[in-house]
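Each remark here refers to the structure printed beneath this line.
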Amino acid sequence: MNSLEQAEDLKAFERRLTEYIHCLQPATGRWRSVLLHIIVESPIFHH
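Okay, so the sequence shown: first residue is 1 according to full-length UniProt numbering, each after it adds one.
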């Protein structure tokens, strides 16, 4: 495999990874807000 093929392969991999991360972002944002709500509402903060 020459360097041009390696570069193209790497770009394709990066594109797939970026698409995958973009698909996950709404779910991670939702989980982050759920966890934040649980932490804020936990008895530790209500003395």
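Built from N, CA and C at the ideal position, the CB exists for glycine as well.
Since we're looking at a predicted model, the values are computed, not measured.
Within the continuous alpha helix (DSSP H) that includes residue i, where are the two ends?
{"i": "H42", "result": "The question names His, but residue 42 in the sequence shown is Ser. Unbroken run through S42: none, as it is neither H nor E."}
Whose C-beta lies closer than 8 Å to the C-beta of residue i among residues of the same chain, with five residues either side of it excluded?
{"i": "M1", "result": "D9"}
Have a look at residue i and residue j and give me their C-alpha separation to the nearest angstrom.
{"i": "Y20", "j": "A7", "result": "20 Å"}
Taking 7 Å as the cut-off, does the CB of residue i come closer than this to any heavy atom belonging to the ligand FMN?
{"i": "L24", "result": "Among the ligands in the structure shown, none appear at all, so the ligand FMN cannot be discussed."}
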